[in-house]
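Trainee: Just so you know, we're using this note's numbering here: the sequence shown kicks off at 3 and counts up by one.
Okay, handing you the structure first.
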Amino acid sequence: MTDDAAALTCLARPLPGPDHTRAGCAAARGVDGRPLHAAALKFFWGPMDCGKSTMALQMNHNHSRQGRRGLVTTRIDRSLGPKITTRIGLAHEAIEVTDSLDLRTLVRDTWAEGVRVDYLICDEASFYSVAHVEQMADLVDSYDVDVYAFGLATDFRSCLFPAAQRLFELADEVARIQVEVLCWCGREGLLNARVVGGRVVREGAQVVIGDTMDSADVRYQVLCRRHYRSGDLGPATTDR
């Protein structure tokens with residue numbers, strides 16, 4: 003850790019007494035009661051409809067209730083706005099992550115306004131850039147800020163998103179969200195199929211906004227591996 007990073011860590015977590023040296027930071031607890039330098043990068047993943055955004059909002063609620071202060075970020079939420087939305091009706095305002103946004107600068111600027119940041123909630127993390135994932139790791143290692151990332155693992159081609167791959171490589175903890183999602187056949191849903199004109203497509207841009215509604219021009223459907231590979235979307239909705 004550089005001296006500048008150590009100083010910023012102390013700024014983020016005010017310490018008792020006059021000792022604001024690097025050693026003082028390492029030995030103390032932050033204002034939220036957790037040991038300094040105990041932060042972690044955690045990645046929670048799963049297919050569509052498994053409750054990733056719901057879990058992100060629950061995580062934020064649980065931490066804020068214990069007096070911790072955090073920032074909530076997202077990218078390309080289904081609402082197309084700077085918020086996290088869920089299919090069960092929950093919503094929360096969020097900071098939109100753009101290519102030019104540096105998560106470390108976001109935290110430093112918040113500190114400069116006199117607001118403490120103990121953690122980040124990063125929803126739709128699979129759509130972030132690899133650089134953003136590196137910034138998440140920096141926030142944990144050099145700034146002692148917890149980062150909780152939520153997102154898909156694979157795209158409509160069943161290939162890892164670059165950011166998800168980097169999260170698998172760097173995260174202190176990786177956990178698959180355990181809410182079971184089913185394919186139309188009743189098997190466990192594993193893969194996210196892109197459906198255009200009633201057919202599974204396997205070519206195109208990696209990120210295309212769509213939804214799960216059958217009436218959407220571009221929609222997504224969770225399938226088991228067998229039916230993802232065969233492109234079988236099952237009986238028509240009216241027959242289900």
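Positions of the beta carbon are idealized from the N, C-alpha and C atoms, including for glycine.
#1: Roughly how many angstroms lie between the CA atoms of E205 and R159, to the nearest whole one?
#2: Over what stretch of residues does the alpha helix (DSSP H) that includes Y230 continue unbroken?
#3: Looking at C-alpha atoms only, which residue of T75, G53, A139 is the closest neighbour of G91?
#4: Look at C124 and V142 and say whether their C-beta atoms are less than 8 Å apart.
#5: On the three-state DSSP scale, how would you describe L154?
#6: Between the Cα of W47 and those of R221, L225, A165, D234, spot the shortest distance and give me the residue it belongs to.
#7: So what does DSSP say about Q137, is it helix, strand or coil?
#8: Out of D111, D120, V209, which one is the CA nearest neighbour of A155?
#9: Which value, in whole angstroms, describes the spacing of the CA atoms of M3 and G69?
#10: Quick check on S128: buried or exposed, where buried means 16 or more other Cβ atoms within 10 Å of its Cβ?
#11: If you reduce the DSSP assignment to three classes, tell me which class T75 lands in.
#12: Roughly how many angstroms separate the alpha carbons of L122 and H229, rounded to a whole number?
#13: Among Q223, R231, R227, which has the Cα closest to the Cα of A238?
#14: Which value, in whole angstroms, describes the spacing of the CA atoms of H65 and R71?
#15: Compute the distance between the beta-carbons of L192 and P49, then report whether it is under 8 Å.
#16: Compare the Cα-Cα distances from T2 to each of M57, L73, D234, R106 and report the closest residue.
#17: Starting from the Cα of G200, find the closest Cα among R67, V220, W186, R189 and give me that residue.
Mentor: So, to answer that:
#1: Taking the first residue of the sequence shown as position 1, residue 205 is located at position 203. Taking the first residue of the sequence shown as position 1, residue 159 is located at position 157. If you take the alpha carbons of E205 and R159, they lie about 8 Å apart.
#2: As a working mapping, residue 230 is identified with position 228 in the sequence shown. Here the alpha helix (DSSP H) through Y230 covers 227-232.
#3: The sequence position of residue 91 within the sequence shown is 89, counting from 1. When only C-alpha atoms are compared, the closest one is G53.
#4: One-based indexing of the sequence shown puts residue 124 at position 122. One-based indexing of the sequence shown puts residue 142 at position 140. With respect to the 8 Å criterion, C124 and V142 are not classified as neighbours on the basis of their beta carbons.
#5: By 1-based counting over the sequence shown, the position of residue 154 is 152. Reduced to three states, the DSSP call for L154 is coil.
#6: One-based indexing of the sequence shown puts residue 47 at position 45. Comparing Cα positions, the closest option is A165.
#7: For the purposes of this step, residue 137 is taken as the residue at position 135 of the sequence shown. The answer is helix: DSSP assigns Q137 an H, G or I state.
#8: Residue numbering aside, residue 155 sits at position 153 when the sequence shown is read from its first letter. When only C-alpha atoms are compared, the closest one is V209.
#9: For the purposes of this step, residue 3 is taken as the residue at position 1 of the sequence shown. For the purposes of this step, residue 69 is taken as the residue at position 67 of the sequence shown. Caution applies to M3, whose pLDDT of 46 falls short of 50 and renders its modelled position unreliable; the value that the coordinates give is listed next. If I take the Cα positions, the gap works out to 27 Å.
#10: Position 126 of the sequence shown, counted from the start, is the residue given in the question as residue 128. S128 is buried by the Cβ-count criterion.
#11: The residue you call residue 75 lines up with position 73 of the sequence shown. Strand.
#12: Residue mapping note: residue 122 aligns to position 120 of the sequence shown, counting from 1. Residue mapping note: residue 229 aligns to position 227 of the sequence shown, counting from 1. So the two alpha carbons sit approximately 37 Å from each other.
#13: Looking up residue 238 in the sequence shown gives position 236. Measuring from the Cα of A238, the nearest candidate turns out to be Q223.
#14: In the sequence shown, the residue the question calls residue 65 occupies position 63. In the sequence shown, the residue the question calls residue 71 occupies position 69. Distance between the alpha carbons of H65 and R71: 8 Å.
#15: Here residue 192 corresponds to residue number 190 of the sequence shown, with the count starting at 1. Here residue 49 corresponds to residue number 47 of the sequence shown, with the count starting at 1. Closer than 8 Å, so yes.
#16: With the chain running from 3 to 242 in the structure shown, residue 2 is simply not present.
#17: Counted from its first residue, the sequence shown places residue 200 at position 198. Selected option, being the one with the closest Cα: V220.
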